[in-house]
Structure formats: structure tokens, C-alpha cells
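Some notes on the structure that comes next.
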């Protein structure tokens with residue numbers, strides 16, 4: 001799957017390099033686990049549909065009643081139409097310099113900063129009347145000449161950051177401080193273990209770890225003393241077996257959750273590992 005560099009693919013020219021940038025993203029088909037290299041921090045104001053984003057060992061899901069602020073980096077993005085005819089999301093990009101300048105100007109936020117470091121690369125925002133008004137305002141700015149729109153977007157960025165700092169207090173202030181800090185990567189083991197029971201492929205997990213597939217495999221064998229494909233399959237099948245034995249899920253309901261494209265393939269792998277089929281699993285009572 002091709003890696004999309006965002007927002008670069010939305011810019012009209014290679015010379016365009018705005019600090020604040022707004023883009024209306026629309027689509028008419030679902031997109032699952034798209035590989036995205038997010039080069040700027042991004043507000044995602046979802047208008048219709050559903051969004052799921054995974055970055056390193058964190059995952060967030062939002063609907064049209066919510067918005068999300070996402071830190072720059074490699075991520076897997078799933079965007080679903082749900083019951084809507086079109087998926088529509090208004091994206092507002094900004095740089096780390098925008099954050100640093102904002103914190104320098106409003107230094108009272110530094111004084112109000114909490115003591116706990118924020119590690120999550122996401123911040124979920126519950127939409128309200130102010131958020132709706134803000135989205136309408138930046139939509140209007142999009143139609144203005146670039147000579148004034150860039151200045152107005154910088155003002156709107158300051159406005160939304162001040163509002164969210166007031167609305168969410170210390171939790172949001174800690175989060176924006178983390179955006180301005182040097183990039184910190186989650187440990188390799190943490191990224192792998194966070195995705196062991198998912199349906200992500202080796203290539204997907206390698207992407208989240210910011211590695212090529214070959215480099216990922218070398219690191220994996222050194223860290224876990226096992227081949228990654230075999231290790232993931234064994235752990236995923238063990239977890240699937242536990243779910244079936246607990247009676248929580250039927251075998252036919254879970255095979256796709258562990259990366260299998262058919263129940264037949266899942267059954268074969270399951271029987272090869274345990275000596276009996278998923279349907280022969282005894283449910284604990």
C-alpha cells in the first residue's frame with residue numbers, strides 16, 4: 001500500500017509551505033488502514049462518517065460528534081462512510097513552531113502546566129457550539145485570497161488553542177506542551193505488544209515503528225528471539241482460543257480480527273496449532 005504524505009499531497013504546488021493550512025477532505029468509499037506520513041500536527045474536524053487512527057501503540061476512534069488533534073508521525077488511518085453517502089472531514093494543519101510561538105506568547109499556560117508528562121499522540125475534543133462556529137469560520141477563510149487567509153488562519157489557530165486550554169484545562173495544556181517537545185518514540189517492544197492481537201500485518205506494524213519491513217524483522221528477531229510471522233500467529237491464535245473458550249465470541253465472528261481473510265484459513269491455522277478446529281473448542285462453564 002502506498003504511503004501518503006499529508007498535507008503535501010493536498011498542496012497546490014511544491015513551493016507552497018504554509019504554517020497553518022486547511023483542507024476539505026471528502027471521499028465516497030471506505031478506506032481501511034491507509035498508511036499516512038503526517039508531517040504536520042493536525043486537527044481533524046469530522047463532519048460525516050467515522051475515523052480511526054493508530055499511531056505507534058495508541059489508537060483513537062471518533063465520530064461526527066467529536067474532533068481529534070493528532071501529533072505528526074506515521075499512522076494508520078481508517079475512514080468510514082458509516083450510513084452517510086459521503087465522508088467529509090475538515091483538516092487544520094499546523095507546525096511545532098506554531099505551538100512554540102503560542103506558548104511563548106501565552107506564558108501563563110506554562111505556569112499552569114501540570115506535572116505529569118503526556119505521552120498519547122491524540123487529544124479527543126467533544127464538539128460544541130464554539131467548535132461548530134470555528135469550523136464555519138475557517139471554511140469561509142478558505143475562499144479568501146491567500147494574502148489574507150494565511151494571516152487569518154494564524155489568528156484562528158491561536159483562538160482555538162486558547163479556547164481548548166480554557167475548556168479542558170491542565171489535560172490539554174500538558175498535551176500541547178508535549179507537541180512542542182522533541183519527538184519521543186515508543187519502545188519497539190511496546191509497539192509490537194500493543195498490536196499483537198490486532199489484524200495488522202507485519203508491514204503495518206513496521207510502518208508504525210517507522211521501519212522498513214526488513215529492518216523490522218531484524219529488530220524483532222533480536223528482541224523476541226523468534227520469527228515475527230510465527231510469533232504473531234501463535235499469540236493471536238492463543239488469544240482467539242481464549243475468547244472462544246470463554247464463550248465471548250463465536251469462531252466465525254473473530255477470524256478477521258486477527259488478520260485472516262477467510263474463516264477457512266483461520267480454521268486451518270487454528271487446527272495446525274492446537275490439533276482441533278475452532279468449532280471443536282470447548283466452552284468453559
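Numbering (our numbering), first residue to last: 1 to 285. No residue lacks a Cβ here, since even glycine has one placed at the ideal position from N, Cα and C.
Closest in alpha carbon position to residue 2, among 209, 24, 35, is 35. The straight-line gap separating the alpha-carbon atoms of residue 45 and residue 103 is approximately 23 Å. Classified as buried, residue 95 has 16 or more neighbouring CB atoms from the shown chains inside 10 Å of its CB.
DSSP lists 27 as the bridge partner or partners of residue 87. Excluding sequence positions up to five before and after residue 267, its CB lies within less than 7 Å of the CB of 277, 278, all in the same chain and listed in chain order. Within its own chain, the residues whose Cβ lies closer than 7 Å to the Cβ of residue 199, once the five positions on either side in sequence are excluded, are 256, 257, 258, 259, listed in chain order. When DSSP states are grouped into helix, strand and coil, residue 73 belongs to the strand group.
Secondary structure note for residue 234: its alpha helix (DSSP H) is the uninterrupted segment 228-245. With fewer than 16 other CB atoms across the displayed protein chains lying within 10 angstroms of its CB, residue 226 is exposed.
Annotated three-state conformation of residue 58 is strand, per DSSP. Residue pairing by DSSP places residue 268 in no beta bridge whatsoever. In the displayed model, residue 273 falls within a helix according to three-state DSSP. Straight through space, the alpha carbons of residue 8 and residue 21 are spaced by roughly 11 Å. The DSSP-derived three-state label of residue 98 is helix. Residue 28 holds the alpha-carbon nearest to the alpha-carbon of residue 88 among 28, 142, 69.
When DSSP states are grouped into helix, strand and coil, residue 254 belongs to the helix group. At the C-beta level, residue 56 and residue 240 stay beyond 9 Å of one another. Of all C-beta pairs linking the segment 61-69 to the segment 230-244, fewer than three are shorter than 8 Å, placing the two stretches out of contact. Residue 93 is a Cβ neighbour of residue 40, given a cutoff of 9 Å.
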